[in-house]
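Residues in the sequence shown are numbered consecutively from 2, following the numbering used here. Just so it is clear, CB atoms sit at the ideal spot from N, CA and C, and this is done for glycine as well.
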Amino acid sequence: MPKRTSQDILVINLAVGDALFSVINGFMLKTLSGFATHWVWVPFACSFYGFTGGLFGFVSLASMTFIAIERYYGALRMTPYLITKKRALWIIPCIWIWSATWPSLPYFGIGGFFIRVRPTDRSIDSLELFLRRWVLEGFQTSCTFDYISRDTPNLVFTTCLFVLGFLIPVTATLLAYSAVYWLLHRTSDELRQVNRCEGDSKRLTYTRGYSIRQMRLAKASFAAFILFVASWGPYATVAFISIMGFQNHLTTFSTELPGLFAKTSAIYNPFLFATKDRKFRRVVALHFPLLQRYLFNGHNSSYRENRTKIHFATASQSSTSTGKEAGTIGDDFVALDRFGPHFNDVSNNFDS
């Protein structure tokens with residue numbers, strides 16, 4: 002089985018965030034309240050729901066941002082700045098700390114009113130006094146930030162959620178993928194002209210293969226990012242409307258739908274990354290041969306070729322020879338080393 006790369010670690014972190022969001026917010030709290038048609042949990046669960054929803058959503062977004070940065074440095078081939086496996090293990094705690102900071106501001110007195118609640122009073126009104134920044138939304142079966150109040154502490158809290166938790170990561174991700182697209186096209190054109198002048202048609206083939214694989218990597222990740230923004234964009238829109246002072250235009254449906262859209266990201270993300278991850282499809286095909294035709298577009302030859310590449314890549318790493326005598330498939334793996342060690346990491350992912 003191939004070794005885990007920095008990208009694998011980031012994707013795993015993304016999957017963990019989506020899974021926790023589905024289990025805690027999606028099923029346990031939201032679904033059971035939905036069947037009961039009202040919030041069935043204790044008042045503190047409302048603030049917990051709002052906090053975990055923001056936490057896991059920001060974790061997914063920050064993970065996608067670092068995946069985009071990894072794509073950028075991979076396309077640029079700036080070895081000193083590459084996100085190595087060791088660096089990725091340090092990045093993961095930073096992602097969680099960053100993501101937990103903004104939804105936890107009310108717990109530290111920023112944007113929240115901490116008024117002691119009497120033990121005999123368990124009403125929702127008391128909840129709003131205890132922690133006003135997380136309130137019931139839409140159909141009263143889930144909780145979100147307070148998008149109605151116009152006081153300064155609430156505006157500070159909502160602005161932090163929108164700008165620091167959402168807008169900055171989205172902007173960084175868009176810039177990274179734009180740079181990846183521009184770099185791949187520029188590098189591919191330059192190397193193609195140089196190789197034509199040198200008459201090295203074989204290296205030209207490798208250069209085109211490198212650009213195609215990198216572009217597939219970027220396209221798959223960018224597609225996941227666009228779908229994520231489409232899911233969480235309505236929540237960001239509600240926050241922006243609240244900041245601008247037009248919250249009177251919000252209705253029950255317009256505040257309920259953002260929560261439903263946000264939960265869809267945890268559904269399609271695993272399918273998108275799993276179906277585009279070449280290594281994942283290899284492992285599944287090895288353990289479930291009946292799925293070969295679905296994982297490799299119905300061509301058994303593709304599955305056999307992928308198995309051959311796995312075994313050859315393992316053998317070529319332990320061989321001391323140049324690899325030229327290993328055959329046509331082996332020549333491709335050996336020649337790709339010309340583009341640097343990072344290529345072998347990124348070229349195996351999201352490559353159909």
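{"Item": "Of the listed residues SER34, LEU11, ALA76, CYS47, nearest to SER179 (C-alpha basis)", "Value": "ALA76"}
{"Item": "Per DSSP, the bridge partner or partners of LEU137", "Value": "CYS144"}
{"Item": "Exposure label - THR153; buried when at least 16 CB within 10 Å", "Value": "exposed"}
{"Item": "Boundaries of the alpha helix (DSSP H) in which GLY18 is found, first to last residue", "Value": "7-21"}
{"Item": "Contact the segment 238-253 vs the segment 37-56: 3+ CB pairs below 8 angstroms", "Value": "no"}
{"Item": "Neighbour-count burial assignment, ALA231, 16 or more Cβ in a 10 Å radius", "Value": "exposed"}
{"Item": "Whole-Å CB distance - TRP103 paired with CYS47, under 8 angstroms assumed", "Value": "Rounded, the Cβ-Cβ distance is 18 angstroms, inconsistent with contact."}
{"Item": "Three or more C-beta pairs below 8 angstroms linking the segment 51-64 and the segment 12-20", "Value": "yes"}
{"Item": "ALA16 versus LEU90, GLN293, SER266, residue with shortest Cα-Cα distance", "Value": "SER266"}
{"Item": "Own chain residues within Cβ distance below 6 angstroms of GLY166, not counting five before or after", "Value": "PHE59, TRP103"}
{"Item": "First and last residue of the uninterrupted alpha helix (DSSP H) at LEU90", "Value": "86-102"}
{"Item": "Outcome for VAL43 when other beta-carbon atoms lying within 10 angstroms are tallied against a minimum of 16", "Value": "exposed"}
{"Item": "Burial state of ARG187 (16 or more Cβ within 10 Å)", "Value": "exposed"}
{"Item": "LEU287: first and last residue of the uninterrupted alpha helix (DSSP H) it sits in", "Value": "279-288"}
{"Item": "Chain B contact for VAL284 (CB, 8 angstroms cutoff)", "Value": "This model lacks chain B altogether; it includes just one protein chain."}
{"Item": "Inter-residue spacing [alpha-carbon to alpha-carbon] between VAL136 and SER34", "Value": "15 angstroms"}
{"Item": "C-alpha distance - SER61 paired with VAL284, whole-angstrom precision", "Value": "24 angstroms"}
{"Item": "Proximity to ILE227 [Cα-Cα], best of VAL171, TYR50, LEU287, TRP91", "Value": "VAL171"}
{"Item": "Proximal residues to THR174 (C-beta, below 7 angstroms), its chain only, five neighbours per side dropped", "Value": "MET65, THR66, ALA69, PHE226"}
{"Item": "C-beta atoms of VAL239 and THR256 nearer than 8 angstroms", "Value": "yes"}
{"Item": "Sequence ranges, alpha helix (DSSP H) only - wholly within the segment 225-278, length at least 4", "Value": "253-277"}
{"Item": "Own chain, CB closer than 7 angstroms to ALA101, minus 5 neighbours either side, in chain order", "Value": "LEU56"}
{"Item": "N-terminal and C-terminal residue of the alpha helix (DSSP H) that VAL157 is part of", "Value": "153-160"}
{"Item": "Close Cβ partners of LEU258 (< 8 angstroms) along its chain, the five nearest in sequence each way excluded", "Value": "GLY139, PRO235"}
{"Item": "Which of helix, strand or coil DSSP assigns to LEU56", "Value": "helix"}
{"Item": "Distance CB(THR7)-CB(ALA89) smaller than 8 angstroms", "Value": "The displayed chain sequence assigns Ser, not Thr, to residue 7. In contact: SER7 and ALA89 (Cβ atoms closer than 8 angstroms)."}
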